[in-house]
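Asks: Structure incoming, see below.
Residue numbers (the numbering used here): 1 to 117.
See the structure below:
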């Protein structure tokens, strides 16, 4: 009788099956992308797919391209605008004051108070 060491670490699925059992692997192409910061991103694509001309750099997030000498420039991001900023773009100060006075008067009327405006 063996001491049990002969089959240690083996289980179903522990080792990859033969190609005949799993099917043939898909032929692949390896593409390298470079960003404006000089970072290199290596990716693997199937031969039958269309390779994208731009990919986000895995280091800095800037756009990267397969052309190492001419990487794409970083796109400018729009700054975050708050709700108040959008409201200020739509309304002038006079309109805002009129709306505030109207809303305060309506609230005061609903509570039965005298309007101050």
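All C-beta atoms in this analysis are idealised placements derived from N, C-alpha and C, irrespective of residue type, glycine included. All values reported here derive from a predicted model rather than from experimental measurement.
Quick one: any contact between the stretch 82-101 and the stretch 56-73, if contact means 3 or more CB pairs under 8 Å?
Replies: Flag = no, the stretch 82-101 and the stretch 56-73 do not touch.
Asks: Just to confirm before moving on: does the CB-CB distance between residue 54 and residue 65 stay below 7 Å?
Replies: In this structure, residue 65 lies closer than 7 Å to residue 54 by Cβ.
Asks: Opposite residue 71 in the DSSP bridges: which residues?
Replies: Its beta-bridge partners do not exist; DSSP assigns none.
Asks: Could you check whether the Cβ of residue 46 sits closer than 7 Å to any Cβ belonging to chain D?
Replies: In summary, chain D is missing from the structure at hand, where a single protein chain is found.
Asks: Using the C-alpha atoms, what's the distance from residue 103 back to residue 38?
Replies: The alpha-carbon atoms of residue 38 and residue 103 are separated by roughly 56 Å.
Asks: Got a sec, what are the start and stop residues for the alpha helix (DSSP H) residue 48 sits in?
Replies: Segment: none, residue 48 is in no alpha helix (DSSP H) and carries neither H nor E.
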